[in-house]
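Protein chains: 8
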Amino acid sequence: METDLIMLLESVKRGEVSVDEAALKLKGKAFEDIGYAKVDLHREKMQGASEVVYGEGKTAEQIVGIVRTLMSNGQKNVLITRMSEDKAATVAAAVELKYNKEGRIGYVGECRAPGGLGKIVIATGGTSDIPVAEEAAVTAEFHGNEVVRLYDVGVAGIHRLMAHRELIMDATVIIAIAGMEGALASVVGGMADCPVIAVPTSVGYGAAFEGLSALLSMLNSCASGVSVVNIDNGFGAGYLAGMINHVHKKDN
Amino acid sequence: METDLIMLLESVKRGEVSVDEAALKLKGKAFEDIGYAKVDLHREKMQGASEVVYGEGKTAEQIVGIVRTLMSNGQKNVLITRMSEDKAATVAAAVELKYNKEGRIGYVGECRAPGGLGKIVIATGGTSDIPVAEEAAVTAEFHGNEVVRLYDVGVAGIHRLMAHRELIMDATVIIAIAGMEGALASVVGGMADCPVIAVPTSVGYGAAFEGLSALLSMLNSCASGVSVVNIDNGFGAGYLAGMINHVHKKDN
Amino acid sequence: METDLIMLLESVKRGEVSVDEAALKLKGKAFEDIGYAKVDLHREKMQGASEVVYGEGKTAEQIVGIVRTLMSNGQKNVLITRMSEDKAATVAAAVELKYNKEGRIGYVGECRAPGGLGKIVIATGGTSDIPVAEEAAVTAEFHGNEVVRLYDVGVAGIHRLMAHRELIMDATVIIAIAGMEGALASVVGGMADCPVIAVPTSVGYGAAFEGLSALLSMLNSCASGVSVVNIDNGFGAGYLAGMINHVHKKDN
Amino acid sequence: METDLIMLLESVKRGEVSVDEAALKLKGKAFEDIGYAKVDLHREKMQGASEVVYGEGKTAEQIVGIVRTLMSNGQKNVLITRMSEDKAATVAAAVELKYNKEGRIGYVGECRAPGGLGKIVIATGGTSDIPVAEEAAVTAEFHGNEVVRLYDVGVAGIHRLMAHRELIMDATVIIAIAGMEGALASVVGGMADCPVIAVPTSVGYGAAFEGLSALLSMLNSCASGVSVVNIDNGFGAGYLAGMINHVHKKDN
Amino acid sequence: METDLIMLLESVKRGEVSVDEAALKLKGKAFEDIGYAKVDLHREKMQGASEVVYGEGKTAEQIVGIVRTLMSNGQKNVLITRMSEDKAATVAAAVELKYNKEGRIGYVGECRAPGGLGKIVIATGGTSDIPVAEEAAVTAEFHGNEVVRLYDVGVAGIHRLMAHRELIMDATVIIAIAGMEGALASVVGGMADCPVIAVPTSVGYGAAFEGLSALLSMLNSCASGVSVVNIDNGFGAGYLAGMINHVHKKDN
Amino acid sequence: METDLIMLLESVKRGEVSVDEAALKLKGKAFEDIGYAKVDLHREKMQGASEVVYGEGKTAEQIVGIVRTLMSNGQKNVLITRMSEDKAATVAAAVELKYNKEGRIGYVGECRAPGGLGKIVIATGGTSDIPVAEEAAVTAEFHGNEVVRLYDVGVAGIHRLMAHRELIMDATVIIAIAGMEGALASVVGGMADCPVIAVPTSVGYGAAFEGLSALLSMLNSCASGVSVVNIDNGFGAGYLAGMINHVHKKDN
Amino acid sequence: METDLIMLLESVKRGEVSVDEAALKLKGKAFEDIGYAKVDLHREKMQGASEVVYGEGKTAEQIVGIVRTLMSNGQKNVLITRMSEDKAATVAAAVELKYNKEGRIGYVGECRAPGGLGKIVIATGGTSDIPVAEEAAVTAEFHGNEVVRLYDVGVAGIHRLMAHRELIMDATVIIAIAGMEGALASVVGGMADCPVIAVPTSVGYGAAFEGLSALLSMLNSCASGVSVVNIDNGFGAGYLAGMINHVHKKDN
Amino acid sequence: METDLIMLLESVKRGEVSVDEAALKLKGKAFEDIGYAKVDLHREKMQGASEVVYGEGKTAEQIVGIVRTLMSNGQKNVLITRMSEDKAATVAAAVELKYNKEGRIGYVGECRAPGGLGKIVIATGGTSDIPVAEEAAVTAEFHGNEVVRLYDVGVAGIHRLMAHRELIMDATVIIAIAGMEGALASVVGGMADCPVIAVPTSVGYGAAFEGLSALLSMLNSCASGVSVVNIDNGFGAGYLAGMINHVHKKDN
């Protein structure tokens, strides 16, 4: 970055780049305005990740519009989260979409080839947590990670979890997804020797308070190596897990 | 009770009991007023339990006063909870007191001989939960129960808990005590085939919110057979555990 | 359990059981995976209770699938909770279902014959609490308990409750169900000499905060022997009450 | 009031009162400024009650200053609430003070002679609620009411309360004071046929959340005729009870 | 009550009342069970008020059933709260119903003739609070009180309230109803010299948190003589106001 | 005001104004009652702002009624907030309405000509915050302010905000609107040298808790010059911004 | 800013500024690092305000260190908030300090000469709110504003506030400071025609919940032109009020 | 693990390991009980991390006892968190301790040599967050990581953060620590292309609610790659950051 700046300034000095061009670059016009959203065209390069569209609260038409703007600017793969089946059908009529119904998530283009340091294990406490898990799984796969699904291994039947001990020991990153008491994160965290991303879900009723119980529980995990994302935030967990799985030496 | 009432009324009819006496009895003067407390003299018979004095917010002198009133009315054993070491010293100077410093609990007289159907296992997530556990343990022992202590078996080191699996399978009642994420109750609940009384503790910091996190977690336990008492309420758990351990057929 | 382990290892030593078989057994493959749920086939033996299916968030088809898997593995009786009338109709078309509309609960097979130490009394504060009470009642009956229903005995008309004093004195376990201020648990707890399981309900409005008021009230009960389950958790209370009613000496 | 206004305007018209005087009166300069407080000299007449000083956060010197200003303006009786023993000692050295240590409340001058329609019964759930009860009692007595104290009649021992049924039936107003689950208000409310003022107290621990549990419980009381004041607000309850006990026909 | 008991016992003594009869009476069978509700037939006498049916969560058929049971037991006037227009139509087809659409409240029979010590003023902060106000107004009128409605006098336009100062000074009881910041109760409380019953409403959005803001505000009112009922509890306020308006000397 | 009072009193003295007239004026009958609302006719003069109708919870017919009353009293411009498209259509059939669909806001008459000291910049964190922003924008424009819209400049892409640094430096007032973590207010507050009005929105899910997260975040802003209005309160922000933009010297 | 950038780049082009210098400038090294704080030397120019030191959690020595760094960089006037009397004494020994004990605030150097458009009125509900008010007052005075103090004008005695109506009408900005129910902001907001900054205080007890009640109340104010700062944030209110009082046309 | 099990069973089969020994091993007696804590001797191997002692609530003597047990079992390096200066002095007298006063953290033995993939950047919003930051820093250094400290770069002075853009771009993991509005995490998350661990701190007052505001803010971060640990949990963040910095391919 530093070197970019120096190089740009040197180009200005040498007259290779005009002052106006440089000013423009330095102000970083890195997005295109399409009215209802500032589409961020440079994020892929900057964050090492393809563009993601958050579908909630957007119409199918707006989603298509954003996707096309991204594609016409060279973005080949676009992930769309929180998109209902209905919207997905409309979007699929306009662009080629691969859609995961359970996770309410889809993408245009291709998943990157699986890479990184190893496998991401996604564990859920119950079957009701699966939508969040699928959102995480597709997000991770889209960004080039191998995902192992380990669903319905809640702590009230600890033997189910124990039976998959090796899987847990082998993971590079684990995503632990649970509602209600959210204890899965602590138990998995205690068994594993890798980072555990805990995702509280809004599954439950009464004193589950829409995920608050699981959230607090996970934040208070007595196991080391556990961190937490927002309630039901499968995308966030999947993205972060992929980031960790691709951590690498930087040259500087 | 029904028969008592019928018998009393028949005595009235026969003139054996005066109207005034009967009125008095029917109004149930079952306590003695010593100014700052209505000491309940009949509870032992009624609830099958000896009298308990809640020490918090009472001076050592008031505690001694209540204990003596109870004793002069025939109560031989009195349990005193939430009594600091200082107060205990003052109380001990006036009456013969057995005191458990960790649990801040003591008693005058004797524990009832251990009985009931089996053993009460008291498990804690960490060492900081021990004061609550000791309050529960002494309460249960005082009321005639055998107690097995199983401390520091939190879920982040699930193998520690697993190593005591048989103990857990053998229990008649289990008290699971934990702060922070309170996951112990769910894991123990899933392993055991007996009632589990969960006690959230105020151990932890930040998002533990003085026990709220553990409380919510335990209320949302996905294991069957788990119920919850107030934060740090070791006495309540010990008392209830003893009650369950002494459940018996009633003649009617 | 200990002896099982020793016996298994001795079989291995004697060559009666192959290493692979033993490894398999030790890893405890005690469940069958049917895709959307790990059906737990051994729980009846392990927990002394028949299998329960939590119907919320499952389609009628999924419920039927789980029930059939359980039945084909020898489970004769299956309880299904939180199942709407609509789903129940679909399930009933596939398997023989007994359904309780008020409690939104049903079962396949038979209730176990009533047994245990005595009767479970289920009291509610008002008529709006009856759905939760019926969930508790059917759960307890399914697991072989005699249930006495005592509905609409809220504390604002304390004479109604007083009129049933003997019932309360006769119970082995009491389930006290109330919304709004949740005071029923404390009053019943003070009258009874047996364990009281308090169930806060989401009945009420305004400062009832969806059951929070009753929940806090019950957790703070000044009566001994009271513990609490989640808001509206009739099943949990019924199951635990049955467990307590069947508490027994263990041989070891 | 209306007539006052008309009369004043007529005096202006007749030239009996100058424009400036009238303007002053109409702007209502009904208080005297002593720097740290606008002492309200006309409240006794306006509200039918003597002046009250809220002692919390005021120094003993400030209290004395306010009391003297009030007295030099003709106020004979002054009530001072939330005044610690220490401050009371300093105040007592300067003015003649009657002080109630338990209620942390005192007054200069005399209580008005007991009057009104009947008796105010003040009931508490436990002995720890007595400080709040005494604050209420002295406040009511100061304002000319007969008070009956009925302490330690919590609902977990419902027979204690039942034994005083007649007292409750005889009251003109009842103040029900309780911490923890706050159920006393509902039970008393159901027994009584007069207004019940509920005072939640901060007595309790854990899920009592400094009085929140009792507060919510009381707000949700299913008994009619119950209203609630702030946590630990004995003064507010005593003042309101006196107001109700002195309700009377107005001439207009 | 005391005398009743004495008299009953003396009748037993004289053989005028059989033991069984007396036992029955003493157990107080003062209600009739109609399956889904214990209809309380004696409350009118006991509480000086006609019976009230809480319509929420009851079907029109259940309401009709309860009303008829009450009427066939001699209850002439029945108030029904929280009853939607639809239900009201069904109920009106079965019994003669007077219905107030805004307040979602109706009654069978007649309002008692207005009596008591004076007028009840019902003030609201805005027009959105009127439904709660009408519930209060009809409740008070049903129980024999004169009601003065003073709507839309919120504190942000303090001159509107000031213009009705005399009305406020003339009231025997005031009901102050407001959502959002709930400041009306404090301002009215400061202006009035009679009891003020504050009703927080769920009117507002965002940080109004469904009435929590107004509730807390009203509980913290710095004006004396203010007490609070549950959010949106117009009935409770109207009933209590009527009770205060009818406070009277008791003979004992 | 003072002079008005003096002048009125002097008119009374001189007999130019009758006592009754003066009494009426002094009681300030400054509004007209149309049944369901006290329409405030003098507010425009008093607050330097045209009348605003809060449409939420009012029927289209009520809105039309209020608008007409205002107009027949000389109010030319009326702003109507929180009005759904459906209601707007009905209102538009009765009076000439300009309607902004996104902001759910409309007005009858004209916006005042843009004036004041400078420009109001309205910035949003995301596209989902635009409805709140439009409510603010139309409100400010209606009251005679120039508005610059700067949407979708959330802090996770800080370069987008940086690219508009000059706009921010040039503003007279800034409205920063954001949901989720609400960080926009702090960042903008740190960059700007003018007052920043922060509007938390209910955009987000899970731990956003309907805007609570953004609200708390904004209240805790470490930047100076930031204040906060209610969640989603675009009107309040727009109105206040206009007030600040028109702040001026007062003659007295 | 834009022009600065263009000019800098042109200087680079012309070789007048070296690439390194330009890089440095573009990275904006506008502060000096003194170890425990990045002292911001350019803020006065940038924000039109002198530097402020937040004293809480800093030792007197650290405060002196920061003050001296600022002064040696040309800052003549420094405001220090949240500084206890003890710390102030130590600071005063090292630098010349003017200290306001009630507001726990002091400054080195001079207050700017009073200027701006008019007066800032600071009103408090009670005497306990004065410390917050003084923090606001000194902050505003330090930044060159005339402040009018109007203390103890809470809404429960609305006539006190009414008596100062003209003051309120004359203000350019009003700061309304109140704890408990926080109603002052709404009433003042309704009376005034200028921006009102509401400051909730932690004054109160019980359901005041450390200022939460006042905070919510103020956020829900039904008066227009009211915005809110953090609980007890006198500094923030004073600073913002000064900013508004100095709002001016910008040249661009 | 699988292979271990197979090997062990084969040893049993071959008679090389006795049944009892095998049973013992299979029950996993991997810890030593020293009374007040189950010291976990195998964790270093299992989790790739040295043992950590949580000092809060432990006496200096207990800390020394645990440290010695660990050391006598071959653990050379022990980290002790949440240890006050006083305790540290006592511990230092018994074992050789390196202590960081600001972070209240110390260790016996050595930090592992810095390794992993790159640098961990620890950024704080203010100077008051430094204690949490130092806890994180020492934890990370102890586990063999290079740490770069970047303190006092809060978002209200965004240029300070911008000036260190390269540092942020160069990091392998970033720990963003902030109280109050906690916006730092989002801004850093948007700038960085590596995992960001957010640590809310209890710094702030009023509506900061002991860290709740920052916690919610961080959970709602709109930047990707951000996850959150408990309030003030510097250790957890430092440990997890080290784990991510050492993520590596697993052989299986």
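Residue numbers (numbering that gives the first Met the number 0), protein chains in the order written: chain F, 0 to 251; chain L, 0 to 251; chain U, 0 to 251; chain R, 0 to 251; chain G, 0 to 251; chain A, 0 to 251; chain W, 0 to 251; chain E, 0 to 251.
We put the beta carbon where it would ideally sit given N, CA and C, even for glycine.
By the criterion of Cβ-Cβ separation under 7 Å, what are the contact partners of Ser212 of chain U in chain R? Leu215, Ser216, Asn219
Using a C-beta to C-beta distance shorter than 7 Å, which residues of chain W count as neighbours of Asn72 of chain R? The contacting residues do not exist; Asn72 of chain R stays about 16 Å from chain W at best.
With DSSP collapsed to three states, give me the class of Pro199 of chain R. strand
Could you list which residues in chain A have their beta carbon closer than 7 Å to that of Gly56 of chain F, in chain order? Ser127
Report the rounded CA-to-CA distance for Ala240 of chain F versus Gly125 of chain E, giving the unit in angstroms. 29 Å
Take Ala112 of chain U as the anchor and find which of U:Asn99, U:Asn219, U:Ala139, U:Ala207 has the nearest alpha-carbon. U:Ala139
Do the segment 223-243 of chain R and the segment 170-189 of chain R meet, that is, are 3 or more Cβ pairs less than 8 Å apart? yes
Residues within the segment 221-236 of chain E neighbouring chain L, beta-carbon criterion of under 8 Å: Asn229, Ile230, Asp231, Asn232
Are the C-beta of Lys248 of chain R and some C-beta of chain L separated by less than 9 Å? no
Any chance you could list the beta strand (DSSP E) runs of at least 3 consecutive residues sitting entirely within the segment 152-198 of chain G, in chain order? 172-177
So, helix, strand or coil for Leu116 of chain F, using DSSP? coil
May I have the straight-line CA-CA distance separating Ile230 of chain F from Ala206 of chain L, to the nearest angstrom? 15 Å
DSSP three-state call for Tyr238 of chain W: helix, strand or coil? helix
Starting from Lys86 of chain F, trace the alpha helix (DSSP H) both ways and give me its first and last residue. 84-93
List the residues of chain W whose Cβ lies closer than 8 Å to the Cβ of Cys193 of chain A, in chain order. Met242, Val246
Run through chain F and tell me which residues come within less than 8 Å of Gly14 of chain W, C-beta to C-beta. Lys12
My assumption, with CB atoms under 8 Å, is that Cys221 of chain A sits in contact with Met161 of chain E. Please give the rounded CB distance. So it is not a contact: roughly 17 Å between Cβ atoms.
Alpha carbon to alpha carbon, how far is Gly62 of chain E from Gly54 of chain E? It should be pointed out that residue 62 of chain E corresponds to Ile in this sequence rather than to Gly. About 7 Å.
May I ask which residues mark the beginning and end of the beta strand (DSSP E) holding Val66 of chain L? It is not in any beta strand (DSSP E) - Val66 of chain L instead sits in the alpha helix (DSSP H) that spans 59-71.
Close beta carbons around Ile167 of chain W, own chain, < 7 Å, minus the five adjacent residues each side: Val120, Ile173, Val187, Met190, Ala191
Identify whether Asn99 of chain L lies in helix, strand or coil by the three-state DSSP scheme. strand
Counting along the chain, where does the beta strand (DSSP E) carrying Glu145 of chain L start and finish? 145-149
Check the Cβ of Ala206 of chain F against every Cβ in chain U and list those closer than 7 Å, keeping chain order. Leu214, Asn229, Ile230
Tell me which residues share the same chain as Lys86 of chain U and place their Cβ nearer than 6 Å to its Cβ, disregarding the 5 neighbours each side in the sequence. Ala59
Report the residue from R:Tyr106, R:Val137, R:Ser201 whose alpha carbon sits nearest the alpha carbon of Val52 of chain R. R:Tyr106
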